[in-house]
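One structure is given below, encoded as structure tokens.
There are 4 protein chains.
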Amino acid sequence: MTKVRTRKRVTKPRKIPRQPRSNLMVATILEAAMIILKKHGMGNFNTNAIAEKAGVSVGSLYQYFPSKDAILATLIRQIREEMLADMIASTERKDLGDFRSETRALIEATLQHHVKYADVITLLERAEDDLPMDDDIQEMKQKMLEIVIALLQRHGIENANIVANDIIAICHALSLSIPQSGESNFEELSRRMQRAVFGYIENSTP
Amino acid sequence: MTKVRTRKRVTKPRKIPRQPRSNLMVATILEAAMIILKKHGMGNFNTNAIAEKAGVSVGSLYQYFPSKDAILATLIRQIREEMLADMIASTERKDLGDFRSETRALIEATLQHHVKYADVITLLERAEDDLPMDDDIQEMKQKMLEIVIALLQRHGIENANIVANDIIAICHALSLSIPQSGESNFEELSRRMQRAVFGYIENSTP
Amino acid sequence: MTKVRTRKRVTKPRKIPRQPRSNLMVATILEAAMIILKKHGMGNFNTNAIAEKAGVSVGSLYQYFPSKDAILATLIRQIREEMLADMIASTERKDLGDFRSETRALIEATLQHHVKYADVITLLERAEDDLPMDDDIQEMKQKMLEIVIALLQRHGIENANIVANDIIAICHALSLSIPQSGESNFEELSRRMQRAVFGYIENSTP
Amino acid sequence: MTKVRTRKRVTKPRKIPRQPRSNLMVATILEAAMIILKKHGMGNFNTNAIAEKAGVSVGSLYQYFPSKDAILATLIRQIREEMLADMIASTERKDLGDFRSETRALIEATLQHHVKYADVITLLERAEDDLPMDDDIQEMKQKMLEIVIALLQRHGIENANIVANDIIAICHALSLSIPQSGESNFEELSRRMQRAVFGYIENSTP
DNA sequence: GATGAATGAGGGTTCATTCAT
DNA sequence: CATGAATGAACCCTCATTCAT
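So, in structure tokens, the structure goes:
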């Protein structure tokens with residue numbers, strides 16, 4: 001059977017570590033957590049396993065993370081941060097210019113991400129739904145949304161708000177087929193996502 | 001913290017209930033399970049809670065379901081069955097005929113479903129991923145896919161297989177915004193989904 | 001893991017059934033119980049299984065036996081009764097006469113019993129140790145003992161009391177090898193038991 | 001009533017404890033288990049009771065034993081090891097020499113054992129039958145058998161294999177009367193066992 | 001700071017027994 | 001009387017978290 005328990009959730013790292021040693025510690029733990037998640041899924045994602053994998057004692061783990069959920073939250077934050085950074089980077093490439101090129105760049109940034117984290121992204125997003133995530137993650141998501149909105153508005157697309165929401169959802173949905181189709185088909189997937197996105201934008205059917 | 005455990009999973013109802021009393025029992029338990037899921041999510045979805053909510057003893061619960069997972073599985077099966085039935089119904093309406101009308105009927109059937117089960121559908125789908133679902137559920141999903149494929153092929157759309165997959169994913173993704181937008185906006189959501197679907201199909205961008 | 005639970009133990013049949021129908025009921029239940037015990041051991045020896053095997057409702061089962069243990073106790077009583085009867089019969093055969101013949105007859109009666117009930121005898125004897133057996137079973141065991149004592153005394157063997165105890169224990173022990181050696185070797189087993197018994201009796205080593 | 005359940009059985013201690021603290025823990029738990037077994041029999045032999053008796057949490061118990069059965073198995077292994085060691089010791093005493101002396105030494109080693117563990121030996125042996133014991137216990141039993149066989153062969157006794165089996169069974173059976181006769185009568189019991197064993201060996205009745 | 005042994009609440013599951021029909 | 005659905009105490013086991021060393 002499946003068991004899911006809940007206690008009070010604390011999602012902020014106990015201390016913002018600044019010393020190099022601490023950072024190393026934190027990084028080690030997060031890496032181990034990631035590996036566990038990839039290999040065994042949520043089913044074996046427990047603090048003891050993580051600590052062991054990290055070659056660290058549970059005690060130490062709790063020195064840097066106030067709870068198991070905080071580890072998850074940090075993993076999520078990391079990914080979101082990376083994603084946001086990549087999106088920003090893709091927007092700032094000034095060699096593009098026209099709408100299609102810019103959008104394509106954004107789509108491919110997204111896709112690359114999903115390819116990179118194919119194994120864990122779904123698990124982490126689920127956790128994100130269950131956890132009381134910190135405001136900063138909300139902010140990051142908001143920023144991503146705004147990037148897309150800005151792009152749309154810059155090129156005169158109406159209802160940019162809703163459209164942004166929808167195409168993000170669409171890209172997200174299509175990238176979930178990565179685990180099945182394998183990483184190889186990047187090109188094809190990209191094409192399908194573009195078809196969906198541009199189709200949605202350029203169409204005004206009903 | 002979040003805890004997730006795993007043992008052997010048994011997902012078939014213990015007995016196919018035919019007596020009115022049994023059916024009532026089964027229904028009561030499933031209802032209670034549904035309520036728990038809606039109100040408290042997976043976190044409090046445990047046999048004791050379900051039994052209590054159902055006004056029944058755990059023992060009785062286990063008389064009708066061999067395991068907690070079996071309850072989940074049944075919930076999933078129920079929804080899938082209803083969905084499949086609605087899709088079939090929508091296809092059989094002969095007052096339609098042209099591609100757009102047929103597709104729209106299908107989209108709206110799907111959407112109606114997501115509206116009806118907005119609260120739990122995500123949770124159940126997650127569970128579906130974790131559980132070793134029975135073959136019949138696989139079959140049902142396959143049939144849904146085939147309905148869409150058939151529709152596409154009937155109207156000469158190429159790569160029906162992949163296209164079907166993608167537009168299903170797209171509709172699914174867009175319907176996830178239901179919980180936020182509320183049930184009221186059925187019309188608008190329908191329009192957005194059509195825009196996405198027809199956009200994808202009619203576009204051949206890259 | 002192994003779980004063994006205990007509540008109050010009631011080992012007497014709820015009613016001394018005299019009506020033919022009741023007797024049939026009782027017999028049916030006991031037969032079913034015996035079959036379950038043989039096939040699945042104590043692990044599946046539960047009232048529901050017994051009732052089902054007997055083609056009877058649990059309720060009915062409890063009409064005739066006040067508890068699960070009472071069924072076990074009755075099974076034990078039955079076997080003990082049969083055993084005692086056979087021992088008595090073997091003693092009453094007047095065609096024997098000399099010590100060796102009489103003893104051999106007794107040994108073979110015992111052996112036959114163990115062969116007949118090879119599958120369940122150990123399980124039942126264990127249960128007998130755990131259950132608060134009724135006095136009548138104690139009496140029966142006492143009678144068996146007395147039969148052996150009488151035999152020994154009739155032929156002038158000293159310390160008949162202790163000797164009887166010991167040779168009973170010895171025969172019992174040796175018959176436990178039946179399950180391994182198969183039923184076929186009745187002759188050989190008989191010979192080994194005689195060797196042990198007569199050896200013990202005729203020896204006065206230390 | 002009596003309830004007996006079965007799941008997968010894991011009988012090996014979770015970790016081979018080397019640290020003094022661990023050893024203490026393991027010893028404490030085993031002692032508590034032993035006490036529970038003596039006082040309340042299998043009926044109250046459950047992990048909670050054991051942990052409580054040991055003044056330890058269930059969690060700790062499970063840190064050192066993977067399952068309830070593993071505790072039982074360890075108890076059994078302990079006794080078997082001690083027994084085997086004593087048998088070997090008794091064989092190595094070189095002040096003996098003749099068959100009777102050697103055999104007597106072995107018998108008394110055995111007897112001492114049964115006296116020491118009178119309360120629990122039967123329960124543990126039953127458990128041994130029910131549990132999927134590890135190979136090492138089988139090996140130990142085999143070694144005990146071989147010691148007896150070797151003794152017999154060394155003194156030219158025929159069918160040493162069968163004879164060994166039988167006299168072991170006989171000694172075992174006779175030592176079961178210890179609980180009744182009390183520990184005091186060691187001498188007398190020893191004499192009876194010798195009478196039985198030498199009687200069996202020297203007799204070739206039928 | 002680091003360690004990891006210890007804690008114990010929590011949850012799945014079974015089955016002897018009862019009692020309304 | 002017979003039925004069998006319902007009950008619920010009991011028991012195994014896990015794992016997030018703490019704290020003495």
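Residue numbers (UniProt numbering), protein chains in the order written: chain A, 1 to 206; chain B, 1 to 206; chain C, 1 to 206; chain D, 1 to 206. Glycine included, C-beta positions come from ideal geometry on N, C-alpha and C. Please read these numbers as outputs of a predicted model, since none were measured by experiment.
Alpha-carbon spacing of residue i relative to residue j, whole angstroms
i: residue 193 of chain A; j: residue 185 of chain A; result: 12 Å
i: residue 119 of chain B; j: residue 179 of chain B; result: 7 Å
i: residue 173 of chain D; j: residue 141 of chain C; result: 17 Å
i: residue 51 of chain C; j: residue 71 of chain C; result: 11 Å
i: residue 220 of chain D; j: residue 163 of chain D; result: Here chain D has residues from 1 to 206 only, and residue 220 of chain D is not among them.
i: residue 190 of chain D; j: residue 116 of chain D; result: 14 Å
i: residue 81 of chain D; j: residue 75 of chain D; result: 10 Å
i: residue 103 of chain A; j: residue 154 of chain B; result: 33 Å
i: residue 152 of chain C; j: residue 107 of chain D; result: 26 Å
i: residue 45 of chain A; j: residue 166 of chain D; result: 55 Å
i: residue 86 of chain C; j: residue 114 of chain C; result: 12 Å
i: residue 42 of chain D; j: residue 41 of chain C; result: 17 Å
i: residue 188 of chain D; j: residue 24 of chain C; result: 50 Å
i: residue 121 of chain B; j: residue 195 of chain A; result: 28 Å
i: residue 203 of chain B; j: residue 198 of chain A; result: 8 Å
i: residue 143 of chain C; j: residue 56 of chain B; result: 52 Å
i: residue 109 of chain A; j: residue 90 of chain A; result: 7 Å
i: residue 137 of chain C; j: residue 128 of chain B; result: 57 Å
i: residue 61 of chain D; j: residue 48 of chain D; result: 9 Å
i: residue 98 of chain C; j: residue 156 of chain C; result: 12 Å
i: residue 28 of chain D; j: residue 36 of chain C; result: 39 Å
i: residue 93 of chain A; j: residue 34 of chain A; result: 31 Å
i: residue 63 of chain A; j: residue 147 of chain A; result: 37 Å
i: residue 177 of chain D; j: residue 126 of chain C; result: 15 Å
i: residue 88 of chain C; j: residue 65 of chain C; result: 29 Å
Partner residues on chain C for residue i, Cβ-Cβ distance less than 7 Å
i: residue 172 of chain D; result: 173
i: residue 23 of chain D; result: Residues of chain C passing the Cβ test: none, with the nearest at roughly 24 Å.
For residue j and residue i, believed in contact at Cβ under 8 Å, the rounded distance
i: residue 145 of chain A; j: residue 9 of chain A; result: Their Cβ separation, rounded to whole angstroms, is 25 Å, which puts residue 145 of chain A and residue 9 of chain A out of contact at 8 Å.
i: residue 53 of chain D; j: residue 32 of chain D; result: 4 Å
i: residue 111 of chain B; j: residue 175 of chain B; result: 6 Å
Beta-carbon contacts of residue i that lie in its chain and below 8 Å, excluding the five residues immediately before and after
i: residue 134 of chain B; result: 11, 12, 73, 77
i: residue 30 of chain A; result: 71, 74, 75, 78
i: residue 171 of chain C; result: 107, 110, 111, 193, 196, 197
i: residue 237 of chain D; result: In this structure chain D extends from 1 to 206, so residue 237 of chain D is not present and cannot be described.
Interface partners of residue i on chain D, CB under 8 Å
i: residue 117 of chain C; result: Those do not exist, as residue 117 of chain C stays about 17 Å from chain D at its closest Cβ, beyond 8 Å.
i: residue 126 of chain C; result: 126
Chain B contact residues for residue i, given Cβ-Cβ distances below 8 Å
i: residue 200 of chain A; result: 195, 196, 199, 200
i: residue 38 of chain A; result: The premise fails here: residue 38 of chain A is roughly 15 Å from chain B at the closest Cβ pair, so nothing lies under 8 Å.
Residues of its chain near residue i, where Cβ-Cβ distance is below 7 Å and the 5 sequence neighbours each way are ignored
i: residue 124 of chain B; result: 75, 76, 79
i: residue 149 of chain A; result: 160, 161, 164
i: residue 200 of chain D; result: 166, 167, 170
i: residue 69 of chain B; result: 9, 10, 11, 131
Beta-carbon neighbours of residue i, restricted to chain C and to distances below 8 Å
i: residue 192 of chain D; result: 162, 166
Contact set between residue i and chain D, taken where Cβ atoms lie within less than 7 Å
i: residue 176 of chain C; result: 169
i: residue 48 of chain C; result: Chain D residues near residue 48 of chain C: none, gap ~12 Å exceeds 7 Å.
Beta-carbon neighbours of residue i, restricted to chain A and to distances below 9 Å
i: residue 185 of chain B; result: Those within 9 Å of residue 185 of chain B in chain A number zero; the least Cβ separation is about 10 Å.
Own chain residues within Cβ distance below 6 Å of residue i, not counting five before or after
i: residue 17 of chain B; result: At residue 17 of chain B, the pLDDT of 48 sits below 50, so the modelled position is not reliable; the number obtained from the coordinates is stated separately. Here the set comprises 23, 26.
i: residue 38 of chain A; result: 119, 120
i: residue 83 of chain D; result: 113
i: residue 139 of chain C; result: none
heavy atom of the ligand ATP below 8 Å from residue i C-beta
i: residue 107 of chain D; result: Among the ligands in the structure shown, none appear at all, so the ligand ATP cannot be discussed.
Pick out the complete alpha helix (DSSP H) segments inside the UniProt domain "HTH tetR-type" (23 to 83) of chain C, 4 residues or longer, and give them in chain order. 47 to 54, 58 to 64
Would you mind listing the beta strand (DSSP E) stretches within the region 128 to 156 of chain C that are 3+ residues and don't spill past its ends, in chain order? none
Scan the region 97 to 130 of chain A and note each continuous alpha helix (DSSP H) run of 4 residues or more that stays entirely inside, going in chain order. 99 to 116, 118 to 130
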